[in-house]
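If you're matching positions, the sequence shown starts at 1383 in my numbering and goes up one per residue.
We put the beta carbon where it would ideally sit given N, CA and C, even for glycine.
These figures come from a predicted structure and were not determined experimentally.
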Amino acid sequence: MLSKKNSPIFAVLFVVFLAVAVWMTVIIAGAARSPSPAGPSGTTPSGSSGNDNTPDANLTLEEKFGKKNFDGTTIYFLTGGDSNWWINYDIAGNSDGEVLSEALYRRNSEIEDTFDCTIVHDQKTHTNAGDTIRREVTSGDHTYDSYFSNGTQMTKILAGALATNLNEVEGFDFNDPWWNKTVNNTLNWGGKYRYFAMGEMNIMSWKSTACIMYNYTLAKTLGLEDAFQLVRDGKWTIDKWNEMIAAGTDSSVDGNDESMNYEQDRYGLVCGDQTFEYTLNGMNETCAASDEENWPVLFELTDRKVAALEQLTRVFSHDTTLNVHDDSYSGGTNLAGKSAKYFSTGRFLFFAETICGSFQLWDMQDDYGFLPFPKFDEKQEKYNSLIQSPQMSIVTIPYGATEHQTETVAVINAMGYLNQRDIKTVFFDHVFGTRSVRDHDLNVDMLTLILQDRTFDLGVTLNPAKIITSLRTEAIRGTNGFASVYAANVDAAKSEYVKLRETLGN
(Lines of atoms letter the chains of each structure in order from A and count residues from 1; the text may use other names and numbers.)
(Lines give C-alpha, C1' and ligand atoms only; values in the text may rest on other atoms or scores of the structure.)
Protein backbone atom coordinates (compact mmCIF):
# COMPACT_ATOMS: atom_id res chain seq x y z
CA MET A 1 0.00 0.00 0.00
CA LEU A 2 1.29 3.43 -0.90
CA SER A 3 1.93 5.85 1.94
CA LYS A 4 -0.09 9.09 1.55
CA LYS A 5 2.77 11.02 3.09
CA ASN A 6 5.34 9.88 0.54
CA SER A 7 3.16 9.10 -2.52
CA PRO A 8 4.03 11.23 -5.56
CA ILE A 9 0.46 10.76 -6.85
CA PHE A 10 -0.92 12.18 -3.62
CA ALA A 11 1.47 15.11 -3.88
CA VAL A 12 0.28 15.89 -7.39
CA LEU A 13 -3.35 15.57 -6.37
CA PHE A 14 -2.76 17.85 -3.41
CA VAL A 15 -1.21 20.53 -5.62
CA VAL A 16 -4.12 20.27 -8.08
CA PHE A 17 -6.63 20.46 -5.22
CA LEU A 18 -4.90 23.55 -3.82
CA ALA A 19 -4.88 25.27 -7.21
CA VAL A 20 -8.56 24.57 -7.75
CA ALA A 21 -9.37 25.88 -4.27
CA VAL A 22 -7.49 29.12 -4.94
CA TRP A 23 -9.18 29.46 -8.35
CA MET A 24 -12.64 28.95 -6.83
CA THR A 25 -11.89 31.53 -4.14
CA VAL A 26 -11.02 34.10 -6.81
CA ILE A 27 -14.16 33.28 -8.83
CA ILE A 28 -16.44 33.53 -5.80
CA ALA A 29 -14.86 36.80 -4.69
CA GLY A 30 -15.19 38.21 -8.18
CA ALA A 31 -18.83 37.14 -8.42
CA ALA A 32 -19.58 38.93 -5.19
CA ARG A 33 -18.43 42.20 -6.77
CA SER A 34 -19.58 41.54 -10.35
CA PRO A 35 -21.87 44.04 -12.10
CA SER A 36 -25.53 43.31 -12.75
CA PRO A 37 -26.11 40.59 -15.35
CA ALA A 38 -27.05 41.48 -18.88
CA GLY A 39 -30.68 41.95 -19.74
CA PRO A 40 -32.63 40.26 -22.54
CA SER A 41 -30.70 39.30 -25.66
CA GLY A 42 -27.38 40.33 -24.08
CA THR A 43 -28.42 43.91 -23.46
CA THR A 44 -26.78 45.93 -20.73
CA PRO A 45 -28.62 48.10 -18.25
CA SER A 46 -27.04 51.56 -18.38
CA GLY A 47 -28.46 54.34 -20.53
CA SER A 48 -27.42 53.67 -24.08
CA SER A 49 -23.69 53.38 -23.44
CA GLY A 50 -23.66 49.73 -22.39
CA ASN A 51 -20.86 50.45 -19.94
CA ASP A 52 -22.17 48.99 -16.68
CA ASN A 53 -19.66 46.18 -17.02
CA THR A 54 -16.57 48.38 -16.81
CA PRO A 55 -13.91 46.74 -14.60
CA ASP A 56 -14.16 49.41 -11.89
CA ALA A 57 -17.96 49.41 -11.67
CA ASN A 58 -17.92 48.21 -8.05
CA LEU A 59 -15.10 50.25 -6.57
CA THR A 60 -15.74 52.35 -3.51
CA LEU A 61 -15.98 56.07 -4.14
CA GLU A 62 -12.53 56.58 -2.65
CA GLU A 63 -11.06 53.83 -4.84
CA LYS A 64 -12.67 55.35 -7.93
CA PHE A 65 -12.00 59.07 -7.40
CA GLY A 66 -9.62 59.28 -4.46
CA LYS A 67 -10.29 60.97 -1.14
CA LYS A 68 -10.82 64.71 -1.45
CA ASN A 69 -10.61 67.48 1.10
CA PHE A 70 -13.21 70.10 0.27
CA ASP A 71 -12.99 71.59 3.77
CA GLY A 72 -16.66 71.02 4.54
CA THR A 73 -17.85 73.06 1.53
CA THR A 74 -21.63 73.15 1.14
CA ILE A 75 -22.83 72.47 -2.40
CA TYR A 76 -26.34 73.66 -3.19
CA PHE A 77 -28.52 71.88 -5.76
CA LEU A 78 -31.84 73.17 -7.09
CA THR A 79 -34.46 70.91 -8.68
CA GLY A 80 -38.00 71.36 -9.96
CA GLY A 81 -41.21 69.51 -9.15
CA ASP A 82 -44.88 70.28 -9.41
CA SER A 83 -46.44 68.69 -6.34
CA ASN A 84 -45.85 66.51 -3.32
CA TRP A 85 -46.74 63.52 -5.51
CA TRP A 86 -44.00 64.37 -8.06
CA ILE A 87 -41.12 64.38 -5.60
CA ASN A 88 -37.70 64.93 -7.14
CA TYR A 89 -35.41 62.04 -6.23
CA ASP A 90 -32.25 63.28 -7.96
CA ILE A 91 -30.51 64.76 -4.95
CA ALA A 92 -32.14 64.36 -1.55
CA GLY A 93 -32.57 61.26 0.56
CA ASN A 94 -33.34 60.51 4.18
CA SER A 95 -33.64 57.63 6.59
CA ASP A 96 -37.46 57.49 6.49
CA GLY A 97 -37.65 53.81 5.54
CA GLU A 98 -38.63 54.35 1.88
CA VAL A 99 -36.26 52.17 -0.15
CA LEU A 100 -35.09 54.73 -2.74
CA SER A 101 -34.87 57.59 -0.26
CA GLU A 102 -32.78 55.45 2.09
CA ALA A 103 -30.43 54.51 -0.76
CA LEU A 104 -29.95 58.15 -1.73
CA TYR A 105 -29.25 59.02 1.89
CA ARG A 106 -26.49 56.38 1.95
CA ARG A 107 -25.15 57.62 -1.39
CA ASN A 108 -24.96 61.21 -0.19
CA SER A 109 -23.33 60.13 3.06
CA GLU A 110 -20.62 58.27 1.13
CA ILE A 111 -19.95 61.35 -1.00
CA GLU A 112 -19.90 63.71 1.99
CA ASP A 113 -17.58 61.43 3.97
CA THR A 114 -15.20 60.81 1.06
CA PHE A 115 -15.05 64.40 -0.21
CA ASP A 116 -15.48 66.29 3.09
CA CYS A 117 -18.44 68.32 1.85
CA THR A 118 -22.14 68.83 2.51
CA ILE A 119 -24.89 68.36 -0.07
CA VAL A 120 -27.95 70.60 0.26
CA HIS A 121 -31.04 70.29 -1.92
CA ASP A 122 -33.91 72.68 -2.54
CA GLN A 123 -36.98 71.83 -4.62
CA LYS A 124 -39.28 74.47 -6.10
CA THR A 125 -41.95 74.25 -8.75
CA HIS A 126 -40.41 74.06 -12.21
CA THR A 127 -41.38 77.64 -13.02
CA ASN A 128 -40.12 79.04 -9.72
CA ALA A 129 -36.87 77.11 -10.05
CA GLY A 130 -36.22 78.52 -13.51
CA ASP A 131 -37.09 82.04 -12.38
CA THR A 132 -34.73 81.69 -9.41
CA ILE A 133 -31.81 80.82 -11.69
CA ARG A 134 -32.65 83.75 -13.95
CA ARG A 135 -32.57 86.17 -11.01
CA GLU A 136 -29.29 84.78 -9.69
CA VAL A 137 -27.53 84.90 -13.06
CA THR A 138 -28.82 88.42 -13.71
CA SER A 139 -27.72 89.70 -10.30
CA GLY A 140 -24.48 87.72 -10.13
CA ASP A 141 -25.38 86.64 -6.59
CA HIS A 142 -25.42 82.83 -6.66
CA THR A 143 -26.84 80.46 -4.05
CA TYR A 144 -27.15 77.38 -6.26
CA ASP A 145 -24.11 75.62 -7.68
CA SER A 146 -26.12 73.36 -9.99
CA TYR A 147 -29.66 73.28 -11.31
CA PHE A 148 -31.24 70.04 -12.50
CA SER A 149 -33.67 71.53 -15.01
CA ASN A 150 -36.63 69.95 -16.77
CA GLY A 151 -37.47 70.32 -20.45
CA THR A 152 -39.97 73.15 -20.08
CA GLN A 153 -37.30 75.40 -18.57
CA MET A 154 -34.68 74.61 -21.22
CA THR A 155 -36.00 77.18 -23.68
CA LYS A 156 -35.98 79.89 -20.98
CA ILE A 157 -32.43 79.01 -20.00
CA LEU A 158 -31.27 79.15 -23.61
CA ALA A 159 -33.09 82.40 -24.39
CA GLY A 160 -31.69 84.06 -21.27
CA ALA A 161 -28.12 82.71 -21.66
CA LEU A 162 -28.44 81.37 -18.11
CA ALA A 163 -26.27 78.23 -18.36
CA THR A 164 -22.56 77.52 -18.47
CA ASN A 165 -21.13 75.73 -21.51
CA LEU A 166 -20.33 72.38 -19.91
CA ASN A 167 -17.72 71.64 -22.58
CA GLU A 168 -15.61 74.35 -20.95
CA VAL A 169 -16.01 73.03 -17.40
CA GLU A 170 -12.97 71.15 -16.16
CA GLY A 171 -13.71 67.74 -14.68
CA PHE A 172 -16.56 66.62 -16.94
CA ASP A 173 -15.73 63.83 -19.38
CA PHE A 174 -18.88 62.91 -21.27
CA ASN A 175 -17.30 59.62 -22.32
CA ASP A 176 -17.52 58.44 -18.72
CA PRO A 177 -19.99 55.54 -18.49
CA TRP A 178 -22.44 57.34 -16.19
CA TRP A 179 -23.31 59.84 -18.93
CA ASN A 180 -25.99 59.04 -21.52
CA LYS A 181 -24.07 59.26 -24.77
CA THR A 182 -27.09 59.13 -27.06
CA VAL A 183 -28.79 62.07 -25.35
CA ASN A 184 -25.63 64.09 -24.82
CA ASN A 185 -24.52 63.77 -28.44
CA THR A 186 -27.76 65.47 -29.49
CA LEU A 187 -27.09 68.26 -26.99
CA ASN A 188 -23.53 69.01 -28.14
CA TRP A 189 -24.59 71.67 -30.60
CA GLY A 190 -22.12 72.48 -33.33
CA GLY A 191 -19.71 70.22 -31.49
CA LYS A 192 -18.93 73.23 -29.26
CA TYR A 193 -21.90 74.21 -27.12
CA ARG A 194 -23.26 71.88 -24.45
CA TYR A 195 -25.42 73.70 -21.91
CA PHE A 196 -27.22 70.59 -20.71
CA ALA A 197 -26.13 67.02 -20.06
CA MET A 198 -27.93 63.91 -18.88
CA GLY A 199 -26.61 60.91 -17.02
CA GLU A 200 -27.28 58.37 -14.31
CA MET A 201 -27.41 61.16 -11.72
CA ASN A 202 -30.74 62.20 -13.28
CA ILE A 203 -33.06 59.73 -11.57
CA MET A 204 -36.09 61.74 -12.65
CA SER A 205 -35.14 60.94 -16.23
CA TRP A 206 -35.42 57.25 -15.35
CA LYS A 207 -38.88 57.82 -13.90
CA SER A 208 -39.87 59.99 -16.87
CA THR A 209 -38.95 57.40 -19.50
CA ALA A 210 -41.90 56.35 -21.63
CA CYS A 211 -43.14 52.77 -21.49
CA ILE A 212 -46.25 50.69 -22.03
CA MET A 213 -47.88 48.89 -19.13
CA TYR A 214 -49.42 45.62 -20.24
CA ASN A 215 -52.30 43.79 -18.53
CA TYR A 216 -51.00 40.26 -18.81
CA THR A 217 -54.02 38.77 -17.05
CA LEU A 218 -56.39 40.25 -19.63
CA ALA A 219 -54.14 39.23 -22.54
CA LYS A 220 -54.06 35.65 -21.28
CA THR A 221 -57.85 35.60 -20.78
CA LEU A 222 -58.34 36.78 -24.37
CA GLY A 223 -55.81 34.27 -25.74
CA LEU A 224 -53.57 36.96 -27.20
CA GLU A 225 -49.91 36.65 -28.09
CA ASP A 226 -47.35 37.11 -25.34
CA ALA A 227 -46.10 40.68 -25.82
CA PHE A 228 -43.06 40.01 -23.61
CA GLN A 229 -41.93 37.27 -26.00
CA LEU A 230 -42.57 39.48 -29.00
CA VAL A 231 -40.21 42.06 -27.47
CA ARG A 232 -37.52 39.46 -26.84
CA ASP A 233 -37.84 38.08 -30.36
CA GLY A 234 -37.52 41.56 -31.90
CA LYS A 235 -41.05 41.28 -33.31
CA TRP A 236 -42.71 43.96 -31.18
CA THR A 237 -43.64 46.35 -34.01
CA ILE A 238 -46.21 49.11 -34.47
CA ASP A 239 -48.30 46.80 -36.66
CA LYS A 240 -48.32 44.16 -33.94
CA TRP A 241 -49.24 46.69 -31.25
CA ASN A 242 -52.12 48.05 -33.31
CA GLU A 243 -53.34 44.49 -33.94
CA MET A 244 -53.31 43.72 -30.22
CA ILE A 245 -55.01 47.03 -29.35
CA ALA A 246 -57.83 46.09 -31.72
CA ALA A 247 -57.99 42.52 -30.42
CA GLY A 248 -58.26 43.78 -26.84
CA THR A 249 -61.27 45.97 -27.62
CA ASP A 250 -64.92 45.02 -27.10
CA SER A 251 -67.59 47.70 -27.61
CA SER A 252 -70.48 45.39 -26.68
CA VAL A 253 -69.80 45.05 -22.96
CA ASP A 254 -72.35 47.76 -22.18
CA GLY A 255 -74.96 46.10 -24.41
CA ASN A 256 -74.50 48.67 -27.19
CA ASP A 257 -72.13 47.63 -29.94
CA GLU A 258 -72.38 50.89 -31.88
CA SER A 259 -69.99 53.07 -29.84
CA MET A 260 -67.44 52.90 -27.04
CA ASN A 261 -68.53 53.54 -23.45
CA TYR A 262 -65.48 54.50 -21.41
CA GLU A 263 -67.20 53.52 -18.16
CA GLN A 264 -68.09 49.97 -19.16
CA ASP A 265 -66.56 48.75 -22.42
CA ARG A 266 -63.18 47.08 -22.85
CA TYR A 267 -60.45 49.08 -24.59
CA GLY A 268 -57.15 48.15 -26.15
CA LEU A 269 -55.39 51.28 -24.90
CA VAL A 270 -55.70 54.13 -22.42
CA CYS A 271 -53.28 57.01 -22.96
CA GLY A 272 -52.76 60.76 -23.22
CA ASP A 273 -51.71 63.14 -26.00
CA GLN A 274 -48.01 62.55 -25.29
CA THR A 275 -48.34 59.01 -26.63
CA PHE A 276 -47.89 60.68 -30.02
CA GLU A 277 -44.23 61.54 -29.42
CA TYR A 278 -43.59 58.40 -27.34
CA THR A 279 -44.71 56.17 -30.21
CA LEU A 280 -43.03 58.26 -32.91
CA ASN A 281 -39.67 58.05 -31.16
CA GLY A 282 -40.21 54.34 -30.56
CA MET A 283 -40.35 53.97 -34.35
CA ASN A 284 -37.01 55.83 -34.56
CA GLU A 285 -38.65 58.97 -35.93
CA THR A 286 -37.84 62.12 -33.99
CA CYS A 287 -39.36 65.61 -34.02
CA ALA A 288 -35.95 67.22 -34.58
CA ALA A 289 -32.90 66.38 -36.68
CA SER A 290 -29.24 67.42 -36.77
CA ASP A 291 -27.25 68.87 -39.65
CA GLU A 292 -23.71 67.85 -40.60
CA GLU A 293 -22.28 70.12 -37.87
CA ASN A 294 -24.66 68.71 -35.23
CA TRP A 295 -26.85 71.79 -35.04
CA PRO A 296 -30.54 71.07 -34.41
CA VAL A 297 -32.78 71.51 -37.44
CA LEU A 298 -36.32 70.65 -38.43
CA PHE A 299 -36.95 67.06 -39.52
CA GLU A 300 -37.73 66.22 -43.13
CA LEU A 301 -41.13 64.71 -43.93
CA THR A 302 -39.85 61.48 -45.49
CA ASP A 303 -42.01 58.62 -46.72
CA ARG A 304 -41.03 56.60 -43.66
CA LYS A 305 -42.06 59.41 -41.31
CA VAL A 306 -45.41 59.77 -43.08
CA ALA A 307 -45.96 56.02 -42.74
CA ALA A 308 -45.11 56.25 -39.02
CA LEU A 309 -47.52 59.16 -38.57
CA GLU A 310 -50.28 57.23 -40.33
CA GLN A 311 -49.73 54.36 -37.89
CA LEU A 312 -50.38 56.87 -35.11
CA THR A 313 -53.87 57.54 -36.42
CA ARG A 314 -54.56 53.85 -35.75
CA VAL A 315 -53.11 54.10 -32.25
CA PHE A 316 -55.43 57.04 -31.48
CA SER A 317 -58.53 55.47 -33.03
CA HIS A 318 -61.71 56.34 -31.10
CA ASP A 319 -62.86 52.76 -31.76
CA THR A 320 -60.13 51.16 -29.65
CA THR A 321 -58.45 53.84 -27.52
CA LEU A 322 -59.38 56.17 -24.66
CA ASN A 323 -57.30 59.36 -24.81
CA VAL A 324 -57.89 61.08 -21.47
CA HIS A 325 -56.56 64.40 -22.78
CA ASP A 326 -59.25 64.76 -25.44
CA ASP A 327 -62.88 64.81 -24.29
CA SER A 328 -64.10 63.77 -27.75
CA TYR A 329 -63.23 60.23 -26.61
CA SER A 330 -65.52 60.49 -23.59
CA GLY A 331 -68.56 62.37 -24.78
CA GLY A 332 -67.30 65.72 -23.50
CA THR A 333 -66.26 64.52 -20.03
CA ASN A 334 -62.84 65.71 -18.82
CA LEU A 335 -60.78 62.63 -17.86
CA ALA A 336 -57.35 64.27 -17.57
CA GLY A 337 -55.23 62.60 -14.90
CA LYS A 338 -57.40 59.47 -14.75
CA SER A 339 -55.61 57.12 -17.15
CA ALA A 340 -54.04 55.05 -14.36
CA LYS A 341 -57.41 54.82 -12.62
CA TYR A 342 -59.01 53.32 -15.71
CA PHE A 343 -56.15 50.91 -16.42
CA SER A 344 -56.46 49.66 -12.83
CA THR A 345 -60.03 48.50 -13.54
CA GLY A 346 -58.74 45.65 -15.70
CA ARG A 347 -60.75 46.80 -18.75
CA PHE A 348 -57.75 48.13 -20.67
CA LEU A 349 -55.09 45.96 -22.28
CA PHE A 350 -52.38 48.65 -22.54
CA PHE A 351 -51.55 51.83 -20.65
CA ALA A 352 -49.11 54.24 -22.36
CA GLU A 353 -47.29 56.46 -19.86
CA THR A 354 -43.91 56.94 -18.22
CA ILE A 355 -42.42 54.51 -15.72
CA CYS A 356 -43.64 56.85 -13.00
CA GLY A 357 -47.21 56.13 -14.09
CA SER A 358 -46.94 52.75 -12.41
CA PHE A 359 -46.82 54.50 -9.03
CA GLN A 360 -50.55 55.19 -9.40
CA LEU A 361 -51.52 51.54 -9.83
CA TRP A 362 -51.94 50.69 -6.15
CA ASP A 363 -55.44 49.27 -6.73
CA MET A 364 -54.53 47.13 -9.74
CA GLN A 365 -55.69 43.56 -9.20
CA ASP A 366 -54.64 42.05 -12.53
CA ASP A 367 -51.02 41.17 -13.22
CA TYR A 368 -49.23 43.70 -15.40
CA GLY A 369 -45.76 44.31 -16.75
CA PHE A 370 -43.65 46.81 -18.69
CA LEU A 371 -42.99 46.98 -22.42
CA PRO A 372 -40.94 49.35 -24.59
CA PHE A 373 -42.73 51.27 -27.30
CA PRO A 374 -42.78 49.23 -30.51
CA LYS A 375 -40.38 49.46 -33.42
CA PHE A 376 -41.48 50.59 -36.89
CA ASP A 377 -40.75 47.12 -38.28
CA GLU A 378 -38.57 44.12 -37.55
CA LYS A 379 -35.72 45.64 -39.59
CA GLN A 380 -35.35 48.43 -37.01
CA GLU A 381 -32.28 47.59 -34.96
CA LYS A 382 -33.43 48.47 -31.43
CA TYR A 383 -36.28 49.71 -29.27
CA ASN A 384 -36.19 53.41 -28.39
CA SER A 385 -37.70 54.91 -25.25
CA LEU A 386 -38.38 58.65 -25.14
CA ILE A 387 -37.65 60.67 -22.01
CA GLN A 388 -40.65 62.87 -21.28
CA SER A 389 -39.62 66.51 -21.41
CA PRO A 390 -41.84 68.20 -18.76
CA GLN A 391 -40.89 65.93 -15.83
CA MET A 392 -37.37 64.83 -16.71
CA SER A 393 -34.22 66.28 -15.18
CA ILE A 394 -30.99 67.35 -16.83
CA VAL A 395 -27.75 68.80 -15.45
CA THR A 396 -26.95 72.49 -15.79
CA ILE A 397 -24.53 74.81 -14.03
CA PRO A 398 -25.82 78.40 -13.82
CA TYR A 399 -23.72 80.91 -15.71
CA GLY A 400 -21.28 82.60 -13.33
CA ALA A 401 -21.66 79.99 -10.56
CA THR A 402 -17.92 79.36 -10.31
CA GLU A 403 -17.09 79.64 -6.59
CA HIS A 404 -17.60 75.93 -5.88
CA GLN A 405 -17.48 74.61 -9.43
CA THR A 406 -14.65 72.12 -8.82
CA GLU A 407 -16.48 70.61 -5.86
CA THR A 408 -19.81 70.63 -7.71
CA VAL A 409 -18.39 68.76 -10.70
CA ALA A 410 -16.83 66.15 -8.43
CA VAL A 411 -20.11 65.58 -6.61
CA ILE A 412 -22.13 65.31 -9.86
CA ASN A 413 -19.67 62.73 -11.20
CA ALA A 414 -19.85 60.83 -7.91
CA MET A 415 -23.66 60.81 -8.02
CA GLY A 416 -23.58 59.40 -11.54
CA TYR A 417 -21.08 56.70 -10.62
CA LEU A 418 -22.84 55.64 -7.41
CA ASN A 419 -26.27 55.67 -9.08
CA GLN A 420 -24.86 53.37 -11.73
CA ARG A 421 -23.20 51.15 -9.14
CA ASP A 422 -26.00 50.90 -6.57
CA ILE A 423 -29.11 52.99 -7.09
CA LYS A 424 -30.53 51.56 -10.33
CA THR A 425 -31.14 48.18 -8.71
CA VAL A 426 -32.87 49.92 -5.81
CA PHE A 427 -34.87 51.96 -8.31
CA PHE A 428 -36.36 48.74 -9.72
CA ASP A 429 -37.45 47.74 -6.21
CA HIS A 430 -38.89 51.24 -5.80
CA VAL A 431 -40.90 50.82 -9.02
CA PHE A 432 -42.21 47.39 -8.16
CA GLY A 433 -42.90 47.94 -4.46
CA THR A 434 -46.03 45.97 -3.54
CA ARG A 435 -47.60 46.45 -6.96
CA SER A 436 -49.16 43.71 -9.04
CA VAL A 437 -46.15 43.11 -11.28
CA ARG A 438 -46.42 39.67 -12.85
CA ASP A 439 -42.81 38.48 -12.84
CA HIS A 440 -40.04 40.40 -11.06
CA ASP A 441 -37.09 39.05 -13.07
CA LEU A 442 -38.90 39.35 -16.38
CA ASN A 443 -39.85 42.94 -15.68
CA VAL A 444 -36.35 43.82 -14.52
CA ASP A 445 -35.29 42.65 -17.99
CA MET A 446 -37.97 44.78 -19.61
CA LEU A 447 -37.13 47.90 -17.58
CA THR A 448 -33.44 47.35 -18.27
CA LEU A 449 -34.22 47.26 -21.98
CA ILE A 450 -36.41 50.37 -21.74
CA LEU A 451 -33.76 52.35 -19.86
CA GLN A 452 -30.93 51.10 -22.03
CA ASP A 453 -31.81 52.94 -25.24
CA ARG A 454 -33.39 56.24 -24.25
CA THR A 455 -33.82 59.28 -26.43
CA PHE A 456 -34.41 62.96 -25.74
CA ASP A 457 -36.30 64.74 -28.51
CA LEU A 458 -35.40 68.43 -28.65
CA GLY A 459 -38.15 68.96 -31.22
CA VAL A 460 -40.80 68.03 -28.65
CA THR A 461 -39.29 70.44 -26.13
CA LEU A 462 -38.91 73.36 -28.55
CA ASN A 463 -42.04 72.60 -30.62
CA PRO A 464 -41.10 75.29 -33.18
CA ALA A 465 -44.11 77.09 -34.68
CA LYS A 466 -46.22 74.54 -32.76
CA ILE A 467 -45.60 72.09 -35.59
CA ILE A 468 -45.54 69.07 -33.27
CA THR A 469 -48.81 70.14 -31.67
CA SER A 470 -50.39 70.46 -35.12
CA LEU A 471 -49.17 67.04 -36.27
CA ARG A 472 -50.36 65.47 -33.01
CA THR A 473 -53.79 67.02 -33.47
CA GLU A 474 -53.95 65.60 -37.00
CA ALA A 475 -53.14 62.09 -35.71
CA ILE A 476 -55.78 62.30 -32.98
CA ARG A 477 -58.39 63.48 -35.49
CA GLY A 478 -57.45 60.61 -37.77
CA THR A 479 -57.54 62.71 -40.93
CA ASN A 480 -53.97 61.97 -42.08
CA GLY A 481 -53.35 65.45 -43.48
CA PHE A 482 -49.74 65.43 -42.33
CA ALA A 483 -48.22 66.77 -45.55
CA SER A 484 -50.51 69.80 -45.49
CA VAL A 485 -49.78 70.51 -41.82
CA TYR A 486 -46.03 70.25 -42.43
CA ALA A 487 -46.19 72.54 -45.48
CA ALA A 488 -48.16 75.16 -43.55
CA ASN A 489 -45.62 75.32 -40.71
CA VAL A 490 -42.27 74.35 -42.20
CA ASP A 491 -40.91 77.85 -42.94
CA ALA A 492 -41.78 79.27 -39.52
CA ALA A 493 -40.38 76.19 -37.76
CA LYS A 494 -37.10 76.33 -39.70
CA SER A 495 -36.81 80.03 -38.88
CA GLU A 496 -36.99 79.29 -35.15
CA TYR A 497 -34.11 76.82 -35.43
CA VAL A 498 -32.05 79.46 -37.25
CA LYS A 499 -32.70 81.92 -34.42
CA LEU A 500 -31.72 79.28 -31.85
CA ARG A 501 -28.41 78.72 -33.64
CA GLU A 502 -27.73 82.44 -33.72
CA THR A 503 -28.47 82.72 -30.00
CA LEU A 504 -26.21 79.79 -29.10
CA GLY A 505 -23.44 80.93 -31.39
CA ASN A 506 -23.33 84.30 -29.65
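Item: Between the Cα of E1667 and the Cα atoms of R1489, F1755, I1776, which residue gives the shortest distance?; Value: F1755
Item: Helix, strand or coil for S1877 per DSSP?; Value: helix
Item: For a test of the three-state rule: what should DSSP assign to I1734, helix, strand or coil?; Value: It is worth fixing the name first, because residue 1734 is Ala in this sequence and not Ile. In this structure, A1734 counts as strand in the three-state DSSP scheme.
Item: Output the boundary residues of the beta strand (DSSP E) element that contains N1705.; Value: 1703-1705
Item: Do you know offhand how far F1554's Cα is from P1772's?; Value: 25 angstroms
Item: Can you list, in chain order, the residues of its chain whose CB lies under 8 angstroms from that of Q1611, leaving out five sequence neighbours each side?; Value: none
Item: What number of angstroms, rounded off, separates the C-alpha of T1509 from the C-alpha of Y1765?; Value: 33 angstroms
Item: Whole angstroms is fine: what's the gap from G1654's alpha carbon to I1858's?; Value: 10 angstroms
Item: I need the boundaries of the alpha helix (DSSP H) containing V1697, first residue and last residue.; Value: 1685-1697
Item: Take the Cβ of G1475 as the centre, count every other Cβ of all protein chains shown within 10 Å, and call the residue buried at 16 or more, exposed below.; Value: buried
Item: Out of curiosity, what's the CA-to-CA distance linking Y1879 and Q1834?; Value: 29 angstroms
Item: I think T1461 touches F1530, with their Cβ atoms under 8 angstroms apart; what is that distance to the nearest whole Å?; Value: 5 angstroms
Item: So, for H1786: in the same chain, excluding its five sequence neighbours on each side, which residues have a beta-carbon less than 7 angstroms away from its beta-carbon?; Value: T1455, I1457, D1527
Item: From the DSSP output, in three-state form, read off H1503 for me.; Value: strand
Item: Kindly indicate which three-state DSSP category Y1799 falls into: helix, strand or coil?; Value: helix
Item: Alpha carbon to alpha carbon, how far is I1358 from E1763?; Value: Only positions 1383 to 1888 of the chain appear in the structure, and residue 1358 is not among them; the question remains open.
Item: Helix, strand or coil for T1603 per DSSP?; Value: helix
Item: Can you give me the start and stop residues for the alpha helix (DSSP H) that T1619 sits inside?; Value: Premise fails: T1619 is in no alpha helix (DSSP H) and is neither H nor E.
Item: Here's a check: name, in chain order, each residue in its chain whose Cβ is nearer than 8 angstroms to the Cβ of R1489, leaving out the five neighbours to either side.; Value: G1475, M1797, L1800, N1801, D1804, I1805
Item: Return the chain-ordered list of same chain residues with a C-beta closer than 6 angstroms to the C-beta of S1633, the five sequence neighbours on each side being excluded.; Value: D1639, M1642, D1647
Item: Considering only the alpha carbon of each residue, which of Q1693, E1682, E1675, Q1656 lies closest to M1665?; Value: Q1693
Item: Could I get the ranges of all uninterrupted alpha helix (DSSP H) runs contained in the stretch 1506-1532, with 4 residues as the minimum, in chain order?; Value: 1508-1521
Item: Let me check understanding here. Comparing Cα to Cα, which of H1812, T1790, W1588, A1870 lies closest to L1853?; Value: A1870
Item: Does DSSP put G1637 in a helix, in a strand, or in coil?; Value: coil
Item: Taking all protein chains shown into account, decide if N1451 is buried (16 or more other Cβ within 10 angstroms of its Cβ) or exposed.; Value: exposed
Item: Based on Cα-Cα distance, which residue from A1670, D1636, W1623 lies nearest to G1650?; Value: W1623
Item: Please classify M1710 as buried or exposed, where buried requires at least 16 other C-beta atoms within 10 Å of its C-beta.; Value: A quick correction: the sequence has Ser, not Met, at residue 1710. The residue is exposed, with fewer than 16 neighbouring Cβ atoms inside 10 Å.
Item: According to DSSP, what are the bridge partners of P1780?; Value: A1545
Item: Within 10 angstroms of its Cβ, does K1687 collect 16 or more other Cβ (buried), or is it exposed?; Value: buried
Item: Within the continuous alpha helix (DSSP H) that includes G1841, where are the two ends?; Value: 1840-1844
Item: By the three-class DSSP mapping on this structure, what secondary structure does T1807 have?; Value: helix
Item: Expressed to the nearest angstrom, what Euclidean distance is found between the alpha-carbon atoms of L1443 and T1546?; Value: 27 angstroms
Item: Count the other C-beta atoms from every protein chain shown that fall within 10 angstroms of the C-beta of Y1868, then say buried if there are 16 or more, exposed otherwise.; Value: buried
Item: Quick check: the stretch 1531-1538 against the stretch 1836-1845, are there 3 or more CB pairs under 8 angstroms?; Value: yes
Item: In the DSSP assignment, find the alpha helix (DSSP H) that holds A1592 and state where it starts and stops.; Value: Per DSSP, A1592 belongs to no alpha helix (DSSP H); it is in the beta strand (DSSP E), 1592-1597.
Item: Between T1778, G1860, L1824, T1885, which has its C-alpha nearest M1583's C-alpha?; Value: T1778
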